[in-house]
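Below is one structure; the comments refer to it alone.
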Amino acid sequence: MLEWFLLFLQIMLINIVLSGDNAVVIALASKNLPLHQRKQAIWWGAFGAIGLRLILTIVAVYVLTVPYIQAAGSLLLLYIAIKLLIDDEGEAHVKEASTLGKAVWTIIVADFVMSLDNVLAIAAKADNNLTVIILGIGLSVPIIVWGSTLVMNLLTRFPVLVYIGAGILGYTAGEMFVKDEIVADMLLHNFPHWIVPIVTTILVIGVGLAKKLSAKPKPKHP
Numbered sequence: 000m001l002e003w004f005l006l007f008l009q010i011m012l013i014n015i016v017l018s019g020d021n022a023v024v025i026a027l028a029s030k031n032l033p034l035h036q037r038k039q040a041i042w043w044g045a046f047g048a049i050g051l052r053l054i055l056t057i058v059a060v061y062v063l064t065v066p067y068i069q070a071a072g073s074l075l076l077l078y079i080a081i082k083l084l085i086d087d088e089g090e091a092h093v094k095e096a097s098t099l100g101k102a103v104w105t106i107i108v109a110d111f112v113m114s115l116d117n118v119l120a121i122a123a124k125a126d127n128n129l130t131v132i133i134l135g136i137g138l139s140v141p142i143i144v145w146g147s148t149l150v151m152n153l154l155t156r157f158p159v160l161v162y163i164g165a166g167i168l169g170y171t172a173g174e175m176f177v178k179d180e181i182v183a184d185m186l187l188h189n190f191p192h193w194i195v196p197i198v199t200t201i202l203v204i205g206v207g208l209a210k211k212l213s214a215k216p217k218p219k220h221p
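Given below as structure tokens:
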């Protein structure tokens, strides 16, 4: 039970950390609507996004069982984890919609385009546990919708949450790689497989810290 609960918390954190841009999309797409329609657009757009993300994640769970695809997915997930830490804050380029239907459609399409990282990360982490996938996505998306400002403030105020999320992604990428037995046996031979997730976690956090330290302004000498 404890293992299930920890897995659920990890999926929640991954989804929240990776969904900051999605929250911005929801706000931008519905901002020109009247207040009552804005709330409807957010709700319907969120429900559509949740449904689509669930379907994509369940499909990804089965796709990742194909040899070589899982190894390729692990490298992509490692890239996503590093990108999460080294990227500067970006702007979401989303058209503001003038009608309720257009706003809902914009939210769903934008979420679909931006959710590859979420889908891949959750499918890899959940390890075929569909109950955890459904609960993790179903509960974390409404949290992002209702409290997008709160979520963004928390991530800004407590950067350690982003590092923890990126570390989980790094560890998951390592787990994914060694689960692809054909590739792992071919490249790792007698190398202990349990070391790989630790190395990928250290790599992700190390790159993130190096980027942060290099970004600090250097003191000016007189």
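Using numbering that gives the first Met the number 0, read the sequence shown as starting at 0 and increasing by one per residue.
The beta-carbon is built from N, C-alpha and C at its ideal position, and this holds for glycine as well.
Sequence-distant partners of L83 (beyond 5 residues in either direction) whose C-beta falls short of 6 Å from its own C-beta, in its chain, are A165. In the DSSP assignment, Y162 falls within the alpha helix (DSSP H) that extends over V159 to K178. Bounds of the alpha helix (DSSP H) holding F4 are L1 to L17. Taking all protein chains shown into account, A209 has fewer than 16 neighbouring C-beta atoms within 10 Å of its C-beta and is therefore exposed. With respect to the 8 Å criterion, I163 and I49 are not classified as neighbours on the basis of their beta carbons.
The C-alpha of A45 lies about 8 Å from the C-alpha of V103. For L32, no alpha helix (DSSP H) segment is defined, and its DSSP state is neither H nor E. Judged by DSSP secondary structure, V118 falls within the alpha helix (DSSP H) whose first and last residues are L115 to A125. With respect to D116, L17 sits close: the two C-beta atoms are nearer than 8 Å. Under the three-state reduction of DSSP output, W42 falls in the helix class. Three or more Cβ pairs closer than 8 Å define a contact, and the stretch 170-177 meets that threshold against the stretch 70-80. In the three-state DSSP reduction, T64 falls in the coil class, being neither helix nor strand.
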